[in-house]
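Protein chains in written order, with my numbering: chain Y, 1 to 113; chain W, 1001 to 1116.
Everything below concerns the one structure shown next.
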């Protein structure tokens, strides 16, 4: 799995868009980009994933650069409840070996009132 | 669906005691995993299973046993608790399938374990 690099912390004002970057310059062609978050004292929560096209769901948007070496998770209107650690994970699908997500240190996003 | 459930939520053990952390899921997922998270750190994989009757070791398996007799349940056993096992334990499940969905994991609320 490709290594990812994220800033350790970011701040965002409530109601504004939060843009969380992730670098994955060694990503391979079959590796997907996944985003999870962990709100304090809770289990991690899946947010979104993508291969090369931009993706959007009810929680967030994922923008992947054309060369796939970096991506940005966008929370369009951040709320105080979005304060969490956000993890960017790059991984190729595996049919038989199970899922062994490797969580790095992530980005601590703090949404301020 | 209840999703992934874990019991107990909190547990205090003395060194040398044994116990089992319970994990169940009602989504008919084939894959299940156990992670531990120490204060201020990321999650580390302890054991995982790709289906009933099949388990394998993760990054930090020492001191833990698992079994998978049914699709729904994946208990984690601490054989002889040590203070180094004080941590928060998360269970997760995800569906097996081709394509991109294999790593969309669903996590339980966690069990906070203290070993004195």
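Cβ atoms here follow ideal geometry from the backbone N, Cα and C, with glycine treated the same way.
Everything numeric in this text was worked out from a predicted model, so none of it was measured.
Point to revise | Listed by chain order, chain Y residues near residue 1104 of chain W by CB distance under 8 angstroms | key: The count along the second chain starts at 1 and reaches residue 1104 of chain W at position 104. What residue 1104 of chain W touches in chain Y: 34, 46, 49.
Exercise for review: Tell me, to the nearest whole angstrom, how far the beta carbon of residue 43 of chain Y is from that of residue 1108 of chain W; I am working on the premise that it is less than 8 angstroms.
Suggested key: Taking the first chain and counting its residues from 1, one reaches residue 43 of chain Y at position 43. Taking the second chain and counting its residues from 1, one reaches residue 1108 of chain W at position 108. Indeed they touch by this definition, with Cβ atoms about 5 angstroms apart.
Check your understanding: What residues from the stretch 1031-1046 of chain W come within 7 angstroms of chain Y, judged by C-beta to C-beta, listed N to C?
Key -> 1031, 1033, 1042, 1043, 1045
Practice item. May I ask you to report which of helix, strand or coil DSSP gives residue 1056 of chain W? Key: Here residue 1056 of chain W corresponds to residue number 56 of the second chain, with the count starting at 1. In this structure, residue 1056 of chain W counts as strand in the three-state DSSP scheme.
Check your understanding: Mind pulling the chain W residues with CB within less than 7 angstroms of residue 147 of chain Y?
Key -> Residue 147 of chain Y is absent from the model: chain Y starts at 1 and stops at 113.
**Study point:** Interface flag, residue 101 of chain Y vs chain W, CB-CB below 8 angstroms
**Key:** Sequence index remark: in the first chain, residue 101 of chain Y carries index 101 (1-based). By this cut-off, residue 101 of chain Y is an interface position.
Practice item. Please state if the CB of residue 1006 of chain W and the CB of residue 1071 of chain W are separated by a distance shorter than 8 angstroms. Key: For this step, residue 1071 of chain W is matched to residue 71 along the second chain. For this step, residue 1006 of chain W is matched to residue 6 along the second chain. Contact flag unset, no.
Check your understanding: residue 42 of chain Y versus chain W: which residues are under 9 angstroms apart at the beta carbon?
Key -> Translated into positions along the first chain, residue 42 of chain Y becomes position 42. Residues of chain W passing the Cβ test: 1107, 1109, 1110.
Review point. Helix or strand or just coil, what does DSSP make of residue 81 of chain Y?
Key: Against the first chain, residue 81 of chain Y aligns to sequence position 81. Residue 81 of chain Y falls in the helix class under three-state DSSP.
Exercise for review: Indicate whether residue 54 of chain Y and residue 39 of chain Y have their beta-carbon atoms separated by less than 8 angstroms.
Suggested key: Position 54 of the first chain, counted from the first residue, corresponds to residue 54 of chain Y. Position 39 of the first chain, counted from the first residue, corresponds to residue 39 of chain Y. Contact: no.
Practice item. Closer than 7 angstroms by beta-carbon distance: list the chain Y residues that pair up with residue 1010 of chain W, in chain order. Key: Position 10 of the second chain holds residue 1010 of chain W. Under the 7 angstroms cutoff, chain Y gives no residues; its nearest Cβ is about 11 angstroms from residue 1010 of chain W.
Exercise for review: Tell me, please, which residues DSSP counts as bridged to residue 53 of chain Y.
Suggested key: Here residue 53 of chain Y corresponds to residue number 53 of the first chain, with the count starting at 1. Beta-bridge pairing links residue 53 of chain Y to no other residue.
Exercise for review: Measure from the C-beta of residue 1074 of chain W to each C-beta in chain Y and report whether the shortest distance is under 8 angstroms.
Suggested key: As a working note, residue 1074 of chain W is residue 74 in the second chain. So, not an interface residue.
Practice item. Would you mind working out which of W/1040, W/1028, W/1024, W/1096 sits nearest residue 1034 of chain W, comparing C-alpha positions? Key: Within the second chain, residue 1034 of chain W is the residue found at index 34, counting from 1. Per the Cα distances, W/1024.
Exercise for review: Using a threshold of 8 angstroms, state whether the C-beta atoms of residue 1085 of chain W and residue 1079 of chain W are closer than that.
Suggested key: In the second chain, the residue the question calls residue 1085 of chain W occupies position 85. In the second chain, the residue the question calls residue 1079 of chain W occupies position 79. Not a contact, by the Cβ cut-off of 8 angstroms.
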